[in-house]
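Going down the list, the sequences are from chains A and B.
For the first sequence, position 335 (counting from the first letter as 1) is numbered 591 according to the working numbering, and the numbering increases by one without interruption.
For the second sequence, position 75 (counting from the first letter as 1) is numbered 76 according to the working numbering, and the numbering increases by one without interruption.
Beta carbons: idealized from backbone N, C-alpha and C, even for Gly.
Nothing here was measured: the structure is a model prediction, and the numbers come from that model.
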Amino acid sequence: MKRLFSRSFVTLAALGLLSTAAAAAGAIEGGGKQPLNLEAVAMFGLFVLFTLGITKWAAARNKSAADFYTAGGGITGFQNGLALAGDYMSAASFLGISGLVFASGFDGLIYSVGWLVGWPIILFLIAERLRNLGKYTFADVVSFRLQPVPVRTMSAIGTLTVVAFYLIAQMVGAGKLIELLFGLDYLYAVISVGMLMIIYVAFGGMTATTWVQIIKAGLLLGGATFMALMVLAQFNFSPEALFKKATEVHPKAIAIMGPGTLISDPVSAISLGLALMFGTAGLPHILMRFFTVSNAKEARKSVFFATGFIGYFYILTFIIGFGAITLLMNDPSYFKLGANGTYDKVKDLLGGSNMAAVHLSKAVGGSLFLGFISAVAFATILAVVAGLTLAGATAVSHDLYASVIARGRVSEQTEVRISKISAVVIGIVAIFLGYMFEKQNVAFMVGLAFSVAASINFPVLVMSIFSKNTTTKGAVIGGFIGLVTSVTMVVLSKSVWEDVLGMPKGSAPFPYSNPALFSMTAAFVSIWLFSLLDRSATAAQERKSYEAQKLRSETGIGIAAASAH
Amino acid sequence: MSPEEMQRIRSHPAYEELVRKRTSFGIVLTIIMLVIYFGFVLLIAFDKSLLATPIGAGVTTVGIPLGVFVIVSAFVLTGIYVRRANSEFDALTRQISEDL
């Protein structure tokens, strides 16, 4: 059986996260805890103080449910584009991709491309219709004409599954990273990340979360731009000169300029591509951001800006990775030296290859800039987990509690209170899981989160918007089939079966690294089929209501005011 | 929306035009993005040496501008959509709501 991706790619692929990075080459373990970095801790402290100030300001403004869930709906397209980028660009994108470029060159570019191409799909198919039909969550859209209790239950399960896997990966990544960046203990990171995300979300709601994401995006883009410029300046802004020097320095020489071992089997490549592309379009914390703008026009502008920022950022990570090759590989001070003073230019980098960008920051900007980049890398995690926590808390309060448990008989204040309590509970659970999973290989979890998002949320959303025939029964059965097949296939694949459960090598029953090709297909086909077979009276009513839904999704006439003021 | 309003929107010529144009435009752009991205991935899966071919006498390979092209194309395609939606589709939507 061909293996599509090399081992390190699978790990990296799974990730999207740092933790992956950690798992990728056993690299981070190799580094272990570093000496205390006071500059980094101080700069991160500044970020925390500033964002807590914003949270206080936001808390005073939060009066209605719309304020809490959507920041009052007054975010502009440009701001939301930055916030989306801040929500999406994880520390793994930054450290993992630049580390992959450092280790393998061109393969890093292949990898980063996959993380971007889902954004145009969100724009062309989903963003405007989502904004026109929903209020706070994508389940609002699905339950527009389908029965709220079953479809909201299923959407909430889809949301919470994605949030749980994504969150665990981020928490574990934060713990590993704090040892490397700040020289502090794993547990400090897990607890401080958990506490901060609770504070941002429970007190500041979407307003605070949005500004944390915007500030983080600004800092990350600014820092990465500076590093890329400093690198290019050394080569008179000639990429060819940069690449040439890199091929002279890198042990793989000219091989870093072409595809390596990342993709070898087309089935796995396509499956991973689908998961990244359509998983992005099914991430609950991303979808939720579209309700923070006032209308479809601002929603579409958000995606345009987000795509631009994220694409630009990936190009920067490529330059940063090559810069790290040229500036670090010949300098023994960045490496763990062997007995005779020799070192492996990839494997022996202090802290592992995922630290390439961090070391480069010192090489181009000194120890103060190193502190800045370390603080930004950590702030990056905070912005992502805050978005995830808010999406999870909203699924509990708005979908599960208000609609399923209280059957709509609930006041706005109670609903928001439930949401805040949920944020606290999710934060505590995340701290606990982060602690539990410290020694586990969590590399598969981000990949799983994307696969689940692509196999439940995305198919259910698309079929409810575009197919008149879709009924409650079809959506619920199809959604669960997507969930069960994607999770089962991941468990049966190498990354869990062998790497986590410790079964013998080569014994994994599911041969591919990613299930999306199969689980997404299963979800779409079963939603279509079980809807078609549904001859009940409610099904007839649901088909009849499609037209009203379509009129609204296309024109936006009668949309929920974003603001309740 | 009242049934009368629904009827008025449904029978409005701009509504039919809006739905037809926007839906097909969205699908066409989606297909272009899929072809570009999966074309890139399959090219790597089936012909690695092509992407590793240097351009001219330098070390920069064909793969690098191609990879950057995929990234830039994602951004450009969203720009193309937004441009047309901001002008043409929004004008049609305005016509419909003004006539309600």
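For A/Y422, the uninterrupted alpha helix (DSSP H) run begins and ends at 404-437, by DSSP.
Note on the segment 516-580 of chain A: whole alpha helix (DSSP H) runs with a minimum of 4 residues are 522-536, 540-544, in chain order. Taking every protein chain shown into account, the CB of A/K750 has 16 or more other CB atoms within 10 angstroms, so this residue is buried. Look at A/I510 here: in three-state DSSP terms it is helix. Per the C-alpha coordinates, the member of A/A595, A/S524, A/S448 positioned closest to A/G690 is A/S448.
Proximity of chain A to B/D91 at the Cβ level (cut-off 9 Å) is accounted for by A552, K553, in chain order. Scanning chain A for C-beta atoms nearer than 9 Å to the C-beta of B/R11 yields E803, L807, reported in chain order.
The DSSP-derived three-state label of A/I331 is strand. The CB of B/S25 never comes closer than 7 Å to any CB in chain A; the least such distance is about 11 Å.
Chain-ordered, the chain A residues with CB closer than 8 Å to the CB of B/S98 read T811, I813. With respect to A/A552, A/E803 sits apart: the two C-beta atoms are not nearer than 7 Å.
In this structure the segment 431-443 of chain A does not lie against the segment 571-589 of chain A, because fewer than three pairs of beta carbons, one per stretch, are closer than 8 Å. Between the alpha carbons of A/M611 and A/D521 lies a gap of roughly 29 Å.
Within chain A, the residues whose beta carbon sits less than 8 Å from that of B/V73 are G567, listed in sequence order. Residues are counted here when their Cβ sits less than 7 Å from a Cβ of chain A; for the segment 52-63 of chain B these are L52, A53, G59, V60, T61, T62, given in chain order. For B/F70, the closest Cβ of chain A is not nearer than 7 Å. When only Cα atoms are considered, A/Y344 and A/I353 end up about 14 Å apart. Counting along the chain, A/F380 sits inside no alpha helix (DSSP H), nor does DSSP assign it H or E at all. Taking all protein chains in view, the Cβ of A/Q669 is surrounded by fewer than 16 other Cβ atoms within 10 Å, so the residue is classified as exposed. For A/G564, the neighbours in chain B by C-beta distance under 7 Å run, in chain order, F76.
Close CB contacts of A/V297 within its chain, under the 6 Å cut and outside five residues either way in sequence, are with F438 (chain order).
Residue pairing by DSSP puts B/T62 in a beta bridge opposite B/P55. Taking 7 Å as the threshold, the shortest C-beta distance from B/K22 to chain A does not fall below it. Shown here, A/S720 sits in a helix according to DSSP, grouped into three states.
Comparing alpha carbon positions, the residue from A/G301, A/A420, A/G355, A/N336 closest to A/L605 is A/G355.
Within the segment 377-390 of chain A, the residues whose Cβ lies closer than 7 Å to some Cβ of chain B are I377, L379, F380, L381, listed in chain order.
Counting C-beta pairs closer than 8 Å gives three or more between the segment 373-389 of chain A and the segment 534-552 of chain A, which meets the contact rule.
Using beta-carbon distances, A/P522 counts as an interface residue toward chain B, with a partner under 7 Å. When the Cα atoms are used, A/S787 and A/R401 turn out to be separated by approximately 14 Å.
Take A/G337, set aside five residues on each side of it, and the residues of its chain with a beta-carbon closer than 6 Å to its own are S558, F561, A562, in chain order. Look at A/L605 here: in three-state DSSP terms it is strand. Of the residues A/A778, A/F736, A/T645, the one whose Cα lies closest to the Cα of A/S675 is A/T645.
A straight-line Cα-Cα distance of about 14 Å links A/T582 and A/S609. In this structure A/R387 is buried. Its beta-carbon is surrounded by 16 or more other beta-carbon atoms within 10 angstroms. Its chain contains G333, L379, A383, E384 as the residues whose beta carbon lies nearer than 8 Å to that of A/R556, once the 5 sequence neighbours on both sides are disregarded; these appear in chain order. Interface criterion met: the Cβ of A/T503 is under 7 Å from a Cβ in chain B.
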